[in-house]
Amino acid sequence: MTKIPALVVGTGFGCRVHVPALRAAGFEVVGLVGTRPDKLERKAADAGIPAFFTDLDEAIEKTGAQLVTIASTPSTHAPLAMKAIARGCHVLCEKPFALDAAEGAALLEAAEQAGVVHMVAHEFRWLPERALFGRAIADSLIGEPRLLVMDQFIPFCADPEARLPGWWFDEASGGGWLGAGGSHLLDQIRAWLGEFDSISARLLTVSDRTDVADDSYSLRFRLANGLEGSMQQSAGAWGPPATLVRCAGSKGTVWIDAGKVMLADKSGTRELEVPEDLRLPVAEASASGRPPSFELGPFTRLCEALHGAITGGAGQSAVAIPTFADGLASMKIMDAIRRSSQEGGALKAV
């Protein structure tokens, strides 16, 4: 397998997930990019990365990197991606890959004109239960899909004293749970069922905080194919996590229950078996002995698809690959959500 030289921007999620996933997929991580030299030196040494930089242009020039992956603060995503594209590098960018649709459109245009491979880090498309859920719909196991409900409560930031990066609650920096968690689910809905038509939404802060970016949202939507849906998600809710993902169609219903995909129709209720092509690789513990992050398996599949797109040497991905075009589509939906929330939940076209 061709070892493609890659740079990783970001010392948090970048080191924890990007680096091992890239290596597992056949990339060579040649450098780490960040803002603090002391932290960079320590993180690079811990991860066995040979060089570190505080300037992306210098990093690309000195390492000859062909790929840049970006896992920094959301407000820096677009400027960094533009730098990488201008240098002729392929780009994998964390979500949300831009602050709004206008910035996203500029990124997509630049990447297409440069002829580079461009992808957004929607690795959860490769979660077996989500991929199988989508395949059940695509295979018409529920007939015509007509209603989708997605609700989730998690205590991720319920405690106002929880140690989290400051940008998580700073709108100017791209913070807020809509971008952090909602972007994944909006992308997933599009991958399963197609484009959004209209939306009514409210952004909320459920945790005991004031004057900060959202930690929750509530929305209703209609897709271009006529499906009606609702989605509520809170990262600021105390208590054990609770999730509901269910799609009802004209001939059946499919849902996810504790990682299992269930189907009910006229013949009864049954669990759908995960086929081999949707199974994840077994993730190994880190050198420090820590258990692998739950994101590592799907992120490795994402990086495998990226490697194949760059080299042209891999077969078709088991799920659709998320590109900057998908990132732009998500930004248009999030822009409509924000407009709707500002007007008290008014119905907005996407």
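For the sequence shown, numbering that gives the first Met the number 0 gives the first residue as 0, with consecutive numbering after it. The beta carbon of each residue, even a glycine, is placed where N, CA and C say it ideally should be. Predicted model only: the values in this text are computed from it and were never measured.
**Q.** Nearest residue (CA-CA) to G178, options D210, A100, P240, R129
**A.** A100
Q.
Quick check: what's the CA-CA separation for P36 versus D54?
A. 11 angstroms
Q.
Please state the DSSP three-state secondary structure of L131.
A. helix
Q.
Quick check on L146: does DSSP put it in helix, strand or coil?
A. strand
Q. What is the C-beta distance between G25 and K2, in whole angstroms, given that I count them as a contact (C-beta under 8 angstroms)?
A. 6 angstroms
Q: Over the uninterrupted beta strand (DSSP E) stretch that includes L218, give me the two end residues.
A: 215–222
Q | Residue closest to P321, alpha-carbon to alpha-carbon, out of S339, V349, P297, I336 | A | P297
Q: Determine contact between the segment 88–100 and the segment 242–258, defined as no fewer than three beta-carbon pairs at a distance below 8 angstroms.
A: no
Q | Beta-carbon proximity check, W176 vs D214, cutoff 8 angstroms | A | yes
Q. Which of the three DSSP states, helix, strand or coil, is assigned to C302?
A. helix
Q) Hey, how far is the Cα of G133 from the Cα of E57? A) 42 angstroms
Q: Name the residue from F293, P274, R338, A44 whose alpha carbon lies nearest to the alpha carbon of V281.
A: F293
(Q) Taking its Cβ as the centre, do 16 or more other Cβ atoms sit within 10 Å of E303, making it buried, or is it exposed? (A) buried
Q.
Alpha carbons only, please: which of T252, G174, I59 is nearest the one belonging to S74?
A. G174
**Q.** P239 in three-state terms, based on DSSP
**A.** coil
Q: Answer with buried or exposed for S249, where buried requires no fewer than 16 other C-beta atoms within 10 angstroms of its C-beta.
A: exposed
**Q.** Delimiting residues of the alpha helix (DSSP H) encompassing S340
**A.** 323–341
Q: Please state whether DSSP places D67 in a helix, a strand or coil.
A: The displayed chain sequence assigns Val, not Asp, to residue 67. Strand at V67.
Q: Report buried or exposed for L243, applying the criterion of at least 16 other Cβ atoms within 10 angstroms of its Cβ.
A: exposed
Q.
Excluding the 5 residues flanking W386 on each side, which residues of the same chain have their C-beta closer than 7 angstroms to its C-beta?
A. The first residue shown for the chain is 0 and the last is 349, placing residue 386 beyond what the model contains.
Q) Under a three-way DSSP split, which group does D256 fall into? A) strand
Q: Can you give me the start and stop residues for the alpha helix (DSSP H) that V351 sits inside?
A: Limits of the chain in this structure are 0 at one end and 349 at the other, which puts residue 351 out of reach.
Q. Run through DSSP, which three-state label would L185 get?
A. helix
Q.
Just to confirm my understanding: we take W166, look at its own chain, exclude 5 residues before and 5 after, and list those with CB closer than 6 angstroms. What are they?
A. T72, S172, G174
Q) For G87, which beta-bridge partners are listed by DSSP? A) Bridge partners of G87: none, in fact.
Q: Please go through the same chain and pick out, in chain order, the residues whose beta-carbon is closer than 7 angstroms to the beta-carbon of K82, but skip the five residues on each side of it.
A: L55, D56
Q: With a threshold of 16 other CB atoms inside 10 Å of the CB of L163, please say whether the residue is buried or exposed.
A: exposed
Q. Run through DSSP, which three-state label would P36 get?
A. helix
Q | For Q231, the three-state DSSP class (helix, strand or coil) | A | strand
Q: Measuring alpha carbon to alpha carbon, tell me which of Q65, L226, D210, G9 ends up nearest R192.
A: Rather than Arg, the amino acid found at residue 192 in this sequence is Leu. Taking only the C-alpha atoms, the option nearest L192 is L226.
Q: Give the C-beta separation of L271 and A135 to the nearest angstrom, bearing in mind that I take them to be a contact with Cβ-Cβ under 8 angstroms.
A: 6 angstroms
Q.
Within 10 Å of its beta-carbon, does P144 have 16 or more other beta-carbons around it, so buried, or fewer, so exposed?
A. buried
(Q) Taking the straight line between their C-alpha atoms, what separation do you get for V148 and G114? (A) 38 angstroms
Q. Would you report the Cα separation of S199 and I188, rounded to the nearest angstrom?
A. 16 angstroms
Q: Report yes or no: do the segment 201–213 and the segment 331–349 share at least 3 C-beta pairs separated by less than 8 angstroms?
A: yes
Q | Reduced DSSP secondary structure (H/G/I, E/B, other) of P49 | A | coil
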